[in-house]
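Below: the structure, in structure tokens.
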DNA sequence: CTTCGTGATATGTCTAAACTTATTCATCGA
DNA sequence: TCGATGAATAAGTTTAGACATATCACGAAG
């Protein structure tokens, strides 16, 4: 029987990263301190420098370390908290919760964009876009109200699509891939339309996600998603 | 003059990643397709396999590719959108906007935790924690209302700290590093206290961030941050 | 027909070595 | 005193090669 080299719950690089995090958290390396360089750590830990490099880069991405050529690696003084949000497709979100998904298109027609949306999409005010209003349901209860402005200039075929049959989000993901997405979260008091779509009362606080997606050619779509009351979005 | 080997706007690995993204976006590789394996790509692009590996791992993290040993690398069918939120320390957030930061501690005392908070922090109901209420100001206008439950069991010294002088968030970051943070966003209608602290009207929709931080020993603190009306949080 | 190996294969990981590049620091000259 | 210059340094990147490991696919045994 060959003795296995390590328990290997995970990779060497990850073990090193964990050890480095421990030293930072346990104050062996204080905020602002310069830590030993890659060569030293490689020798101390008995691995190749490339492995130490991988581990340190990982932690630097997490924000606990700052690295600069020649200056060395330092423990970040005021680490900015980063949170990764996963924003799944509505349908999957609903189905993953074990509920039945459906959606209803309220309206679909060509309209000039409102100024605010035009600004976000970097379009000339008054441009004609498709305007689409949809409500997404979980077990026939309103889950999310969608107010979308797809840009036919991005994908001309979209003018021929009937979004009553094809889910707009999924059609766009498949037919108009984007390279950039700007999103923002806010809280809004339910307006009349929200009340109607989400079956709630006026003024109810709603979590609102606004997203603008674009590629090199320009904006593809802007969408405002209002979640049902009480919805909360988790991270990390 | 030695002719430089490449324009080298960035590294080879990043250039390869960009090229791979392009092929996915331009539909040269369709959703679900298996793409050429690392060795093939390395030969095609004239680089080492390790470089291709780095590029593909990067894109897999972004969610556009799925990789499994032996099965190969496939283009993700329904990519989950991921967004990275940066959650800066309040003080820096305010100062970065060119405004003057200040804060006022409304109350600080030992109290039994409410059931909801106890559940989040995984504590026995009725445990005694410090309860701290603070309002953060930008140019003397309310910016954020904070409702915090630090756990003295995590760092006993905190019982002796006067948070009127030391910013609680910053004291904790320095003296009680955490390894885990759970956060969630929601929208809430302003309650009476929010109205008072944020100088707004009852029912106003507020963006609320709740965060529980902990380390191996258990929960360190739970905090509810209510932002001033109209505040929005952006990502990517 | 099903189940259980077993080999082939694509990715995962690590290493040692070399080269590149940004940045600091000390030295020297104006 | 100040600024320019250049050497030294630490991280960044790439390479070729090796071995590890998960899993797919196929064939043998039941």
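Residue numbers (this note's numbering), protein chains in the order written: chain L, 1 to 236; chain Z, 237 to 472. Beta carbons: idealized from backbone N, C-alpha and C, even for Gly.
Apart from the five residues just before and just after residue 319 (chain Z), which ones in its own chain have a Cβ nearer than 6 Å to its Cβ? Working through the second chain from its first residue, we reach residue 319 (chain Z) at position 83. Closer than 6 Å at Cβ, skipping near neighbours: 471 and 472.
Requested in this report: Say whether chain L places a C-beta atom closer than 8 Å to the C-beta of residue 425 (chain Z).
Outcome: Looking up residue 425 (chain Z) in the second chain gives position 189. Chain L contact via Cβ: present.
Checklist entry - What are the start and end residues of each continuous beta strand (DSSP E) run of 3 or more residues lying completely inside the region 136-213 of chain L, in chain order? => result 141-150 and 180-189
In the region 405-419 of chain Z, which residues sit with their C-beta less than 9 Å from some C-beta in chain L, listed in chain order? 406, 409, 410, 413, 414, 415, 416, 417, 418 and 419
Exercise for the section: Could you round the C-beta distance between residue 378 (chain Z) and residue 435 (chain Z) to whole angstroms and report it? I think they count as a contact, below 8 Å. Expected result: Residue numbering aside, residue 378 (chain Z) sits at position 142 when the second chain is read from its first letter. Residue numbering aside, residue 435 (chain Z) sits at position 199 when the second chain is read from its first letter. Confirmed, about 5 Å.
Leaving out five residues on either side along the sequence, give the residues of the same chain with a beta carbon under 6 Å from the beta carbon of residue 29 (chain L).
Position 29 of the first chain, counted from the first residue, corresponds to residue 29 (chain L). Correct list, in chain order: 23, 35 and 75.
request  = At 9 Å on the CB atoms, spell out the chain L contacts of residue 467 (chain Z), in chain order.
outcome  = Walking along the second chain from the start, residue 467 (chain Z) turns up at place 231. Near residue 467 (chain Z) (Cβ distances below 9 Å), the residues of chain L are 186 and 187.
Starting from residue 114 (chain L), find everything on chain Z with Cβ-Cβ shorter than 7 Å and list it in chain order.
Here residue 114 (chain L) is taken as the residue at index 114 of the first chain, counted from 1. Here the premise fails: no neighbours, minimum Cβ distance about 17 Å.
Proximal residues to residue 289 (chain Z) (C-beta, below 8 Å), its chain only, five neighbours per side dropped: One-based indexing of the second chain puts residue 289 (chain Z) at position 53. Contacts found: 274.
Inter-residue Cα distance where the pair is residue 5 (chain L) and residue 287 (chain Z):
Here residue 5 (chain L) corresponds to residue number 5 of the first chain, with the count starting at 1. Here residue 287 (chain Z) corresponds to residue number 51 of the second chain, with the count starting at 1. Bear in mind that a pLDDT of 38 at residue 5 (chain L), under 50, signals an unreliable position, so the number given afterwards is only what the model happens to contain. Roughly 27 Å separates the two Cα atoms.
Check residue 267 (chain Z) in the structure and name its three-state DSSP category.
-> As a working note, residue 267 (chain Z) is residue 31 in the second chain. Here residue 267 (chain Z) sits in coil by DSSP.
Assigned secondary structure, residue 469 (chain Z) (DSSP; H/G/I helix, E/B strand, else coil): Taking the first residue of the second chain as position 1, residue 469 (chain Z) is located at position 233. Residue 469 (chain Z) falls in the strand class under three-state DSSP.
Go ahead and pull the three-state DSSP assignment for residue 215 (chain L). On the first chain, position 215 is the one that residue 215 (chain L) refers to. Here residue 215 (chain L) sits in strand by DSSP.
| message | Quick check on the burial criterion: 16 or more other C-beta atoms within 10 angstroms. Buried or exposed for residue 121 (chain L)? | response | Residue numbering aside, residue 121 (chain L) sits at position 121 when the first chain is read from its first letter. Buried.
message: Please classify residue 204 (chain L) as buried or exposed, where buried requires at least 16 neighbouring CB atoms within 10 angstroms.
response: Working through the first chain from its first residue, we reach residue 204 (chain L) at position 204. Residue 204 (chain L) comes out buried.
* Asked: What residues in the region 72-97 of chain L have a beta carbon less than 8 Å from any beta carbon of chain Z?
  -> 78, 79, 80, 81, 82, 83, 84, 85, 86, 87, 88, 89 and 92
Please check if any C-beta of chain Z sits within less than 8 Å of the C-beta of residue 32 (chain L).
One-based indexing of the first chain puts residue 32 (chain L) at position 32. Output row for residue 32 (chain L): interface = no.
Examine chain Z for any beta-carbon lying closer than 8 Å to the beta-carbon of residue 220 (chain L), and answer yes or no. On the first chain, position 220 is the one that residue 220 (chain L) refers to. Closer than 8 Å: no.
Is any beta-carbon of chain Z found at less than 8 Å from that of residue 234 (chain L)? As a position in the first chain, residue 234 (chain L) is number 234, starting the count at 1. Yes, contact with chain Z.
**Asked** Between which two residues does the alpha helix (DSSP H) carrying residue 327 (chain Z) extend?
**Response** Position 91 of the second chain holds residue 327 (chain Z). Residue 327 (chain Z) -> alpha helix (DSSP H) spans 326-332.
Exercise. Give the straight-line distance between the Cα atoms of residue 164 (chain L) and residue 314 (chain Z), rounded to the nearest whole angstrom.
Key: Counting from 1 along the first chain, the entry for residue 164 (chain L) is found at position 164. Counting from 1 along the second chain, the entry for residue 314 (chain Z) is found at position 78. Their backbone Cα atoms lie some 20 Å apart in a straight line.
- Distance CB(residue 148 (chain L))-CB(residue 168 (chain L)) smaller than 8 Å: What you label residue 148 (chain L) is simply residue 148 of the first chain in a count that begins at 1. What you label residue 168 (chain L) is simply residue 168 of the first chain in a count that begins at 1. It is a contact, given that the beta carbons lie within the stated cut-off.
Cβ of residue 439 (chain Z) less than 8 Å from any chain L Cβ?
Here residue 439 (chain Z) refers to the residue found at position 203 of the second chain. With 8 Å as the cut-off, residue 439 (chain Z) counts as an interface residue toward chain L.
* Asked: How about residue 154 (chain L) and residue 217 (chain L): do their beta carbons lie closer than 8 Å?
  -> Walking along the first chain from the start, residue 154 (chain L) turns up at place 154. Walking along the first chain from the start, residue 217 (chain L) turns up at place 217. Result yes, Cβ atoms of residue 154 (chain L) and residue 217 (chain L) sit closer than 8 Å.
- Query: In its own chain, which residues sit with a C-beta less than 8 Å from the C-beta of residue 42 (chain L), not counting the 5 before and 5 after it?
  - Reply: Locating residue 42 (chain L) in the first chain gives position 42, where the first residue counts as 1. Same-chain partners within the cutoff: 48, 49, 51 and 52.
>> Restricting to runs no shorter than 4 residues, where is the alpha helix (DSSP H) found entirely within the region 312-371 of chain Z?
In response: 326-332 and 351-357
Which class does residue 47 (chain L) belong to by DSSP, given the choice of helix, strand or coil?
Mapped onto the first chain, residue 47 (chain L) falls at position 47. Of the three classes helix, strand and coil, the one that applies to residue 47 (chain L) here is coil, per DSSP.
Going by DSSP, which residues form a beta bridge with residue 291 (chain Z)? Sequence index remark: in the second chain, residue 291 (chain Z) carries index 55 (1-based). Answer by DSSP bridge pairing: none, since residue 291 (chain Z) is not bridged.
For residue 321 (chain Z), which of Z:466, Z:429 and Z:419 has the nearest alpha-carbon?
For the purposes of this step, residue 321 (chain Z) is taken as the residue at position 85 of the second chain. For the residues Z:466, Z:429 and Z:419, the minimum Cα distance to residue 321 (chain Z) belongs to Z:419.
Quiz prompt | Under 8 Å from the C-beta of residue 45 (chain L): neighbouring residues of chain Z | solution = Taking the first chain and counting its residues from 1, one reaches residue 45 (chain L) at position 45. Residues of chain Z passing the Cβ test: none, with the nearest at roughly 21 Å.
Can you tell me whether residue 430 (chain Z) is buried or exposed? The criterion is at least 16 other CB atoms within 10 Å of its CB, across all chains shown.
Within the second chain, the letter at position 194 stands for residue 430 (chain Z). So residue 430 (chain Z) counts as buried.
**OP:** Would you mind stating whether residue 444 (chain Z) and residue 417 (chain Z) have Cβ atoms separated by less than 8 Å?
**Re:** On the second chain, position 208 is the one that residue 444 (chain Z) refers to. On the second chain, position 181 is the one that residue 417 (chain Z) refers to. The answer is no: Cβ separation not under 8 Å.
- Message: Tell me the DSSP secondary structure of residue 305 (chain Z) in three-state form.
- Response: Translated into positions along the second chain, residue 305 (chain Z) becomes position 69. Residue 305 (chain Z) falls in the coil class under three-state DSSP.
**Message:** Within a Cβ cutoff of 6 Å, which residues of the same chain sit near residue 225 (chain L), ignoring the five residues on either side of it in sequence?
**Reply:** What you label residue 225 (chain L) is simply residue 225 of the first chain in a count that begins at 1. Answer for residue 225 (chain L): 144, 146 and 209, listed in chain order.
- Query: At a cut of 8 Å, does the region 9-22 of chain L reach the region 58-71 of chain L through at least three beta carbon pairs?
  - Reply: yes
Distance, residue 335 (chain Z) Cα to residue 459 (chain Z) Cα: As a position in the second chain, residue 459 (chain Z) is number 223, starting the count at 1. As a position in the second chain, residue 335 (chain Z) is number 99, starting the count at 1. Between residue 459 (chain Z) and residue 335 (chain Z), the C-alpha separation is close to 24 Å.
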